[in-house]
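Taking it in order: structure first as structure tokens, then the write-up.
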Amino acid sequence: MFSPIPQGVYPRITDLDPAALARRGVKLVLADLDNTLVPYQVTEPSPAVAAWKEGLEAQGIRLFLLSNSRKPGRAQAFAQKLGIPFQGHSGKPRKAGYLRAMERMGARPEETVMVGDQIFTDTLGANNAGVIPLLVQPIRLAGNPFRYVRYAIETPFRALGKRRPFL
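Numbering of the sequence shown is given in this note's numbering, commencing with residue 30 and proceeding in unit increments.
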């Protein structure tokens, strides 16, 4: 389905309650890296993100890092520190990266959510792959001026997503 509208907009990834995800039948969480799990250039998972990952595992949910990062080794190093599988250069919003990740993890689209901070990569790609798209507010906008423009363009889609929460 070609749609830029997420199923809910949440303040941060750690606000997605693992027990609530499990009640909705979620078995796999695909997560974007930059501005979703950590700010750009941060290489260590925060204690809150590490605790959230443990909460997911306690509910039988696996976390998988699905990143478009082109920085050599960035996604791999972060995923190793968090103890999760990863896929860099995923090509979001094309659905092939999502399908490859689900195949690796043995999950179906209807039991998979994608959590990211961008409409035109994370949400659009998740919808294209039949995965449930959950959007979080970007952790930090500082840096690239184009990010401000992109997030401004995404504003109406974020507003629509807030009206249809998944959790």
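Even glycine gets a Cβ: it sits at the ideal position worked out from N, Cα and C.
Original post:
Can you tell me where the beta strand (DSSP E) with Gly145 in it begins and where it stops?
Top reply: 141-145 is the extent of the beta strand (DSSP E) around Gly145.
**OP:** Determine the DSSP secondary structure at Val160, reduced to helix, strand or coil.
**Re:** coil
Original post:
For the alpha helix (DSSP H) that contains Arg187, what are its first and last residues?
Top reply: 174-191
Subject >> Beta-carbon gap between Val160 and Pro194 smaller than 9 Å >> reply: no
Subject >> Contact check, Leu153 vs Ile90, beta carbons under 9 Å >> reply: no
**OP:** Take the Cβ of Lys56 as the centre, count every other Cβ of all protein chains shown within 10 Å, and call the residue buried at 16 or more, exposed below.
**Re:** It counts as buried.
Subject >> Neighbourhood of Leu170 by C-beta, 7 Å cutoff - its chain only, sequence neighbours within 5 removed >> reply: Arg176, Tyr177, Tyr180, listed in sequence order.
**OP:** Report the rounded CA-to-CA distance for Gly190 versus Asp63, giving the unit in angstroms.
**Re:** Inter-residue distance for Gly190 and Asp63 is about 21 Å (C-alpha atoms, whole angstroms).
Original post:
Where in the stretch 54-79 do unbroken runs of the beta strand (DSSP E), each at least 3 residues long, occur, reported from the N-terminal end onward?
Top reply: 57-60
**OP:** Find the nearest neighbour of Ala104 within the set Phe93, Gly117, Leu92, judged by alpha-carbon distance.
**Re:** Gly117
**OP:** Tell me Phe149's beta-bridge partners as DSSP assigns them.
**Re:** Beta-bridge pairing links Phe149 to no other residue.
Subject >> Classification of Gly102 by the beta-carbon crowding that lies within 10 angstroms, buried from 16 upward >> reply: exposed
Original post:
What's the C-alpha gap between Leu196 and Leu45?
Top reply: 8 Å
Original post:
Just how far apart, CA to CA, sit Ile34 and Ser96?
Top reply: 20 Å
Original post:
When the Cα atoms are used, what is the spatial distance from Leu85 to Pro174?
Top reply: Cα to Cα, the separation comes out at about 34 Å.
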